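First to last, the sequence lines map onto chains A and B.
Position 55, counted from 1, in the first sequence is what this note's numbering calls 55; the numbers after and before it change by one each time, with no gaps.
Just add 1000 to wherever you are in the second sequence, counting from 1, and you've got this note's numbering.
Glycine is no exception: its CB is placed at the ideal position from the N, C-alpha and C atoms.
Keep in mind it's a predicted model, so treat the numbers as computed, not measured.
Below: the structure, in structure tokens.
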Amino acid sequence: GENVEQHPSTLSVQEGDSAVIKCTYSDSASNYFPWYKQELGKGPQLIIDIRSNVGEKKDQRIAVTLNKTAKHFSLHITETQPEDSAVYFCAASRNSGYALNFGKGTSLLVTP
Amino acid sequence: GAVVSQHPSWVICKSGTSVKIECRSLDFQATTMFWYRQFPKQSLMLMATSNEGSKATYEQGVEKDKFLINHASLTLSTLTVTSAHPEDSSFYICSAGGLSLEQFFGPGTRLTVL
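Here you go:
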């Protein structure tokens, strides 16, 4: 089955700096790669996703890159703010109707 | 994004009782719903996948007789934890997916079994 690895497990940055979280996956049939933000006591919130026919996608301060050959994808957050502090999960799946395979999460702390 | 609700948001019950958790997709038809559980500071662990009108598919190690899943309509799935015990205490989260690839998560249900 699919195995998704995520690094780092914790990340602390100063407000205004950039944060990068990296994930690798094992199943070459995976073609959908979402990123979720989870705040304490809440469900995960989809923040950005990328599909296998795209190499990069950006939405304001958030961007995701995908390298299908190397089977890795990354989340980039620029100009970080304290409200970006949360746990971020990467995931991979095949097609609609397939469950997401999650990484173990990255706890991001943005200090003022 | 689409909205998925869960009810209740938290529940405390006595050991041996059963608890039902509802998951609703409010503004789209969910052909597939997923149930996850999450322990503190850990990732989400898939419990089962359910398609409307079909029996749920359970992940290895998840007891189907203990965690009953019903997906009666395209907007509602329920998870019933039968004869709950303290080790069942966890954060239960559902997600819903339509015909596209996106999955949207509910806010979660905190179950505490005394």
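Within-9 angstroms CB hit, residue i to chain C
i        : result
A/LEU109 : No chain C is present in this structure, whose protein chains are A and B.
Strand pairing of residue i, partner residues [DSSP]
i         : result
B/MET1045 : B/ARG1037
A/ASP49   : A/PRO34
A/GLN6    : A/CYS23
A/HIS72   : A/THR24, A/ASN67
B/HIS1007 : B/GLU1022
B/TYR1058 : B/ALA1048
B/ASN1070 : B/THR1078
A/ALA99   : None, per the DSSP bridge assignment.
A/THR106  : A/TYR88
B/LEU1111 : B/VAL1011, B/SER1090
A/GLU56   : A/THR65
B/GLY1097 : B/THR1032, B/GLN1103
A/SER12   : A/LEU109
A/SER93   : A/TYR32
Own chain partners of residue i with C-beta closer than 7 angstroms, once the 5 adjacent residues on each side are dropped
i         : result
B/GLN1029 : LEU1074, THR1075, GLY1098
A/THR69   : none
B/THR1017 : ALA1084
A/LEU108  : LEU11, ALA19, ASP84, SER85, ALA86, TYR88
B/GLU1059 : LEU1046, MET1047, ALA1048
A/HIS7    : LYS22
B/VAL1062 : MET1047, ALA1048
B/HIS1007 : GLU1022
A/ASP17   : THR80
Rounded Cβ spacing between residue i and residue j (contact assumed at less than 8 angstroms)
i         : j         : result
B/ARG1024 : B/SER1054 : So it is not a contact: roughly 18 angstroms between Cβ atoms.
A/SER9    : A/THR111  : Wrong, their Cβ atoms sit about 18 angstroms apart, outside the cutoff.
A/ALA19   : A/THR65   : Actually they are not in contact, since the Cβ atoms of A/ALA19 and A/THR65 sit about 14 angstroms apart, beyond 8 angstroms.
B/LYS1014 : B/THR1078 : No, B/LYS1014 and B/THR1078 are not in contact; Cβ-Cβ is about 20 angstroms, not under 8 angstroms.
B/GLY1009 : B/PRO1086 : Looking at the sequence shown, residue 1009 of chain B is not Gly but Ser. Incorrect: roughly 20 angstroms between the Cβ atoms, too far for contact.
A/ILE62   : A/ILE50   : No, A/ILE62 and A/ILE50 are not in contact; Cβ-Cβ is about 11 angstroms, not under 8 angstroms.
B/THR1057 : B/SER1089 : Not quite, the Cβ-Cβ distance comes to about 25 angstroms (not below 8 angstroms), so this is no contact.
B/THR1109 : B/VAL1011 : 7 angstroms
Nonlocal neighbours in the same chain, by C-beta distance under 6 angstroms from residue i, ignoring five residues either side
i       : result
A/ASN3  : SER26
A/LEU75 : ILE21, TRP35, VAL64
Cβ-based neighbour list, residue i, same chain, cut-off 8 angstroms, excluding 5 preceding and 5 following
i         : result
A/LYS38   : Reading off the sequence, residue 38 of chain A comes out as Gln, not Lys. Within the same chain, A/GLN38 has close Cβ partners PRO44, GLN45, ALA86, VAL87, TYR88, PHE89, GLY105.
B/THR1031 : ASN1051, GLU1052, LEU1074, GLY1097, GLY1098, LEU1099
beta-carbon residue i near the ligand MN non-hydrogen atom, thresh 8 angstroms
i         : result
B/ARG1037 : This structure lacks the ligand MN; in fact it carries no ligand of any kind.
The stretch 88–99 of chain A in contact with the stretch 29–48 of chain A per 3-pair CB rule at 8 angstroms: yes
Interfacial residues, the stretch 1009–1037 of chain B to chain A, with Cβ spacing under 8 angstroms: THR1031, THR1032, PHE1034
Quick one, which residues of the stretch 74–91 of chain A are near chain B if we go by CB-CB under 7 angstroms, in chain order? PHE89
Using a Cβ cut-off of 7 angstroms, which residues of the stretch 1037–1052 of chain B contact any Cβ in chain A, in chain order? SER1043, LEU1044, LEU1046, THR1049
Between the stretch 49–56 of chain A and the stretch 1035–1045 of chain B, are three or more C-beta pairs nearer than 8 angstroms? no
Quick one: which residues of the stretch 1095–1114 of chain B get their C-beta closer than 8 angstroms to a C-beta of chain A? List them in chain order. SER1095, GLY1097, GLY1098, LEU1099, SER1100, LEU1101, GLU1102, GLN1103, PHE1104, PHE1105, GLY1106, PRO1107, GLY1108, ARG1110
Contacting positions in the stretch 1051–1071 of chain B - beta carbon closer than 7 angstroms to chain A: none
Along the stretch 25–49 of chain A, where does the CB come closer than 9 angstroms to a CB of chain B? Name the residues. ASN31, TYR32, PRO34, TYR36, GLN38, GLY41, LYS42, GLY43, PRO44, GLN45, LEU46, ASP49
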